[in-house]
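Colleague:
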Amino acid sequence: MKTEGGSREAKRRAGERAAEEIDDGDVVGLGTGSTAAHAIRAIGRAVDDGLTVRGIPTSFQSRQLALEVGIPLSCLDAVDGIDIAIDGADQIADDPDASGFGALVKGGGGAQTREKLVDSAADRFVVVADPSKLSETLEQSVPLEVLPDAHALVADEIRRIGGEPTLRDATHKDGPVVTDNGNLLLDCAFGEIDAPDELATRLSSVPGVVEHGLFVGMADAAYVGTDEGVEMRE
Ligand code: 5RP
1 MKTEGGSREA KRRAGERAAE EIDDGDVVGL GTGSTAAHAI RAIGRAVDDG LTVRGIPTSF
61 QSRQLALEVG IPLSCLDAVD GIDIAIDGAD QIADDPDASG FGALVKGGGG AQTREKLVDS
121 AADRFVVVAD PSKLSETLEQ SVPLEVLPDA HALVADEIRR IGGEPTLRDA THKDGPVVTD
181 NGNLLLDCAF GEIDAPDELA TRLSSVPGVV EHGLFVGMAD AAYVGTDEGV EMRE
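Going by UniProt numbering, the residue at position 71 of the sequence shown is 71; the numbering climbs one at a time, nothing skipped.
(1) Pick out whichever of Ala-37, Ala-46, Ser-34, Lys-11 has its Cα sitting closest to the Cα of Asp-26.
(2) Would DSSP call Ser-135 helix, strand or coil?
(3) Beta-carbon separation of Ala-103 and Leu-214 under 8 Å?
(4) Any heavy atom of ligand 1 closer than 7 Å to the CB of Asp-87?
(5) For the segment 146–156 and the segment 113–122, state whether three or more C-beta atom pairs, one from each stretch, are separated by less than 8 Å.
(6) At the level of alpha carbons, what is the spacing between Arg-207 and Glu-21?
(7) How would you call Glu-136, buried or exposed, if buried means at least 16 neighbouring beta carbons within 10 angstroms?
(8) Starting from Gln-140, follow the alpha helix (DSSP H) in both directions and report where the run begins and ends.
(9) Taking Thr-226 as the reference, which of Ala-129, Asp-94, Val-69 has the closest Cα?
(10) Between which two residues does the beta strand (DSSP E) carrying Gly-225 extend?
(11) Select from Gly-109, Gly-163, Asp-80 the residue whose C-alpha is nearest the C-alpha of Phe-60.
(12) For a test of your reading of the model: does the CB of Thr-201 fall under 7 Å from any non-hydrogen atom of ligand 1? Yes or no.
(13) For Leu-167 versus His-212, is the C-beta distance shorter than 8 Å?
(14) Should Val-224 be labelled buried (16 or more other beta-carbon atoms within 10 Å of its own) or exposed?
(15) Say the cut is 7 Å; is the CB of Ala-36 nearer than that to a heavy atom of ligand 1?
(16) Can you say whether Cys-75 is buried or exposed, counting buried as having 16 or more other CB atoms within 10 angstroms of its CB?
(17) In whole angstroms, give me the CA-to-CA distance for Ala-78 and Thr-35.
(18) Indicate the three-state DSSP secondary structure (helix, strand or coil) for Lys-2 in the structure shown.
(19) Quick check: what's the CA-CA separation for Met-1 versus Asp-97?
(20) Apart from the five residues on each side of it in sequence, which residues of its chain come closer than 6 Å, Cβ to Cβ, to Ile-71?
(21) Going by DSSP, what residue range makes up the alpha helix (DSSP H) through Ala-46?
(22) Can you tell me whether Ala-18 is buried or exposed? The criterion is at least 16 other CB atoms within 10 Å of its CB, across all chains shown.
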């Protein structure tokens, strides 16, 4: 289970504000992590008040919380599409000189494979975060979900392309050691990531990598909660 870093209030504001975007009848992608959990709880309260939605969870963790708060669930092959996905991020590229925000690093909770599936299938993908996630340059380790048999080979390849891989084990502060899909996680440090799109393409091409945590050009908006309010970025 991922721990709750950053300000709880800031995360709550971001999650609750994003949940207000949901319309009656929507199919909603339910993200993973402590910020997305605030959105899930808010959706649960809205369902209690009569909102009709179907949720598509991005992890076992979000599925359990959605069940707990009474959100009716569905799955990807039972819906025509996803209207909106609300999900957290570990880092958001936010260069003040660029127009809008940039790529995301996700997967702190080890759920990036299903998150990418659901978030990319959504008509609108909204990120929820606190200000500690904003960074001029991405420098956070990129989590890779890897087939267990492939972890040593993938780690060698990551070193060859200039990264420093660490196999996630029980000493890791966040997330599971084994993914919901029964695979392992390599957290890969690359220093400052100047070209996330190029790195994303490179990582996707490594045999044995199921999915990586770089989300490039996917998000439509970000709600960044603060202790005073919420800022929306597009
Ligand atoms: C899980 C994720 C989370 O969205 C990310 O780790 C952010 O979590 P939090 O809101 O708890 O900081 O990508 O795989």
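The C-beta atom is built at its ideal place from N, Cα and C for all residues, glycine as well.
Modeller: Well, looking at it:
(1) Closest in alpha carbon position to Asp-26, among Ala-37, Ala-46, Ser-34, Lys-11, is Ala-46.
(2) Residue state, collapsed to three classes: strand.
(3) Going by C-beta atoms, Ala-103 is nearer than 8 Å to Leu-214.
(4) At least one heavy atom of ligand 1 is nearer than 7 Å to the Cβ of Asp-87, so yes.
(5) Cβ pair count under 8 Å is below three, so no.
(6) A small correction: the amino acid at residue 207 is Pro; Arg does not occupy that position in the sequence shown. Straight across, the Cα-Cα distance linking Pro-207 with Glu-21 is about 39 Å.
(7) Glu-136 counts as exposed, since fewer than 16 other C-beta atoms from the protein chains shown sit within 10 angstroms of its C-beta.
(8) Neither: Gln-140 is in no alpha helix (DSSP H) and is coded neither H nor E.
(9) The shortest C-alpha separation from Thr-226 is found at Ala-129.
(10) According to the DSSP assignment, Gly-225 belongs to the beta strand (DSSP E) that extends over 221–225.
(11) Nearest of Gly-109, Gly-163, Asp-80 to Phe-60, Cα basis: Gly-109.
(12) Incorrect: Thr-201 has no Cβ contact closer than 7 Å to ligand 1.
(13) No, Cβ-Cβ distance for Leu-167 and His-212 is not below 8 Å.
(14) Of the residues assessed, Val-224 falls on the buried side of the cut-off, its CB having 16 or more other CB atoms within 10 angstroms.
(15) Yes, Cβ of Ala-36 sits closer than 7 Å to a heavy atom of ligand 1.
(16) Of the residues assessed, Cys-75 falls on the exposed side of the cut-off, its CB having fewer than 16 other CB atoms within 10 angstroms.
(17) Thr-35 has its alpha-carbon roughly 27 Å from the corresponding atom of Ala-78.
(18) Any answer about Lys-2 is weak, because its pLDDT of 47 lies below 50 and its placement is not dependable; what the coordinates show is given next. Three-state result, Lys-2: coil.
(19) In this prediction, Met-1 has a pLDDT of 41, which is less than 50 and means its spatial position is unreliable; what the coordinates show is noted afterwards. In this model, Met-1 and Asp-97 are separated by some 36 Å (Cα to Cα).
(20) Around Ile-71: Ile-43, Gly-44, Val-47, Gly-55.
(21) Run containing Ala-46: 34–48, per the alpha helix (DSSP H) assignment.
(22) If you draw a 10 Å sphere on the C-beta of Ala-18, you find 16 or more other C-beta atoms in it, and that means buried.
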